[in-house]
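Residues in the sequence shown are numbered consecutively from 39, following our numbering.
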Amino acid sequence: MADTKKSIHGEWSSRFAFILAATGSAVGLGNIWKFPYITGENGGGAFVIVYLLCIAAIGIPIMMAETMMGRRGRQSPINTLQTLTTEAGADSRWHYLGWLGVVAGFLILSYYSVIAGWSMAYVAKAFIGSFSGESATTINALFTDLQASPIEQTIWHTIFMVATMAIVARGVKGGLEKAVGVLMPSLFFILMLLVAYAMTTGAYMQGLEFLFKPDFSEMTANSVLTAMGHAFFTLSLGMGAIMVYGSYLPKDISIAKTSMMIAGADTLVALLAGIAIFPIVFANGLDAGSGPGLIFQTLPIAFGSMTGGWLFGLLFFILLVFAALSSAISLIEPAVAWCVEHYDIERKLACIGMGGITWLLGMGTVFSFNEWSGMTLFGANFFEVLDYLTANIMLPLGGFFIAIFAGRVMLSRHAQEELAIENKVLFSVWSFLVRYVAPAAVFLVFLNVLGVFGVFS
Ligand code: TRP
């Protein structure tokens, strides 16, 4: 019965539309802002290898699992899990997994919006020519000033949240597909340009070496967890975002192929961002481990000194904001879809409620960089606690249960039918990865952080 059902929220117009939307969700601040700075904080090459392994062995199979479950359930993740659980005759408590995802989505969007706000602030700075000919010191000060100002950050955070909710209110399938199709290739083009600039800095090889030459002595248990958590974060996995997008997916589409394409594009963007950023870091004597400000303290240096830098800088930050927008909408869509289903209310109303809560929570992140910077838990401020809790704990945990559900709770026949993998060997590989590899990896990395093995501690 579930086979013929369509989502009440509509459907993607084509396979390409789904690929664009899911890529839009995956490619975002995670690739351009977060990947470089956590790579810098965790020592480079070895971290990148663990991250790539996690994308291949955990990320892609779980992306297939989420898409497949969404397409079979055809509703918000919470209700999809309910339906699939009933279908499989399993314990009804599985739908709490949907709730874990909704909460993770709120928490992530709350700080995501603040960082996207920084990117908007940089659009304005680029426009008035704040970077041109400036030294690394001056450019650094632009960032520290922004971080110190709750008012400036609140204004941008508010604008970003309103923009996000305005798009979600219209339904994520409307203009979005078209916009992403133009924006992604443009972003890619500017990243290539930045890579070309990086080659002229004199520290290009040093940057590449940092990114790709592994030194496992730099790895700690927490670095491994961060790499794994980031594989989930960057592919938008573990909280139902891809599941809800999968629920709008028409029947006849190969989930395996699309998942690999999305993961491939996402990884490429992250690596390009790293290749562009680290040479600038080393050429200017900056600290690779300086934290969340890294791209804001490095890329403006490039824009300030290259020909046409004003235009490219402006375009880059505009594109970054759009990349963030197309990701942000997927963070809140599971919650909004659930509200519409559960309370039978209009999308617009659901958006105002959900957006309001997220905005308020985001104020905690705004203050964590100034007024509340002294308020810490285990040495981490509010933003850092949220980031650790969501990316390193909630997403891997969500992914763990999604893998178990797709591989062990759902009937294998149903999974195979949805995935439509004709090739028996390929299906067995997927099955093996979600049944054993992904859950075991998450479990072992968690245990290792708890100090059970003392490997990489
Ligand atoms: N993947 C996005 C990025 O890299 C962020 C994101 C969007 C996300 N939806 C998500 C992260 C769902 C985790 C879960 O910027």
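The beta carbon of each residue, even a glycine, is placed where N, CA and C say it ideally should be.
Keep in mind the model is a prediction, meaning the values are calculated, not measured.
- Listed in chain order, the non-local C-beta contacts of Ile300 below 8 Å within the same chain comprise Ile57, Ala60, Thr61, Ala64, Met101 and Leu273, local neighbours out to five positions each way being set aside.
- For the pair Glu456 and Met222, the CB atoms are not nearer than the 7 Å cut-off.
- For Pro330, the closest C-alpha among the options Glu125, Lys295 and Gln185 is that of Gln185.
- For Trp156, the enclosing alpha helix (DSSP H) has its first and last residue at Tyr134 to Phe165.
- Between the alpha carbons of Met158 and Ile356 lies a distance of about 7 Å.
- Annotated as distal: Ser261 and Asn419, with beta-carbon spacing of 7 Å or more.
- For Arg446, the closest alpha carbon among the candidates Ala476, Ile116 and Gly417 is that of Ala476.
- Within the chosen limit of 6 Å, the ligand TRP reaches the beta carbon of Ser365 through at least one heavy atom.
- Annotated as proximal: Arg109 and Gly284, with beta-carbon spacing under 7 Å.
- Ser285 has its CB no nearer than 6 Å to any heavy atom of the ligand TRP.
- Glu379 sits close to Ser114, with the two beta carbons spaced by under 7 Å.
- Taking a contact as a CB-CB distance under 8 Å, the pair Gly139 and Pro372 counts as one, their CB atoms being some 6 Å apart.
- With 16 or more other Cβ atoms inside 10 Å of its own Cβ, Met203 counts as buried.
- Taking the Cβ of Ala441 as the reference point, every heavy atom of the ligand TRP lies at 6 Å or farther away.
- In the DSSP annotation of this structure, the continuous segment of the alpha helix (DSSP H) that includes Ala59 starts and ends at Arg53 to Ala64.
- Per DSSP, reduced to three states, the secondary structure at Leu415 is strand.
- Pairing Asp325 with Val319, the inter-Cα distance amounts to about 7 Å.
- When secondary structure is reduced to three states using DSSP, Arg385 falls in the helix class.
- Per the C-alpha coordinates, the member of Gly400, Val374 and Phe405 positioned closest to Met392 is Val374.
- By the CB criterion at 7 Å, Tyr286 and Ser45 fall inside the cutoff.
- Annotation for Ala362: Gly66, Leu67, Tyr150, Ile153, Ala154, Ser157 and Phe198 place their beta carbon closer than 8 Å to its own, counting only its chain and skipping 5 residues before and after.
- According to the DSSP assignment, Gln113 belongs to no alpha helix (DSSP H), since it is labelled neither H nor E.
- Sequence-distant Cβ neighbours of Gly327 in its own chain, meaning closer than 6 Å and more than five residues away, are Gly78 and Glu79.
- Not one heavy atom of the ligand TRP falls within 6 Å of the beta-carbon of Ala159.
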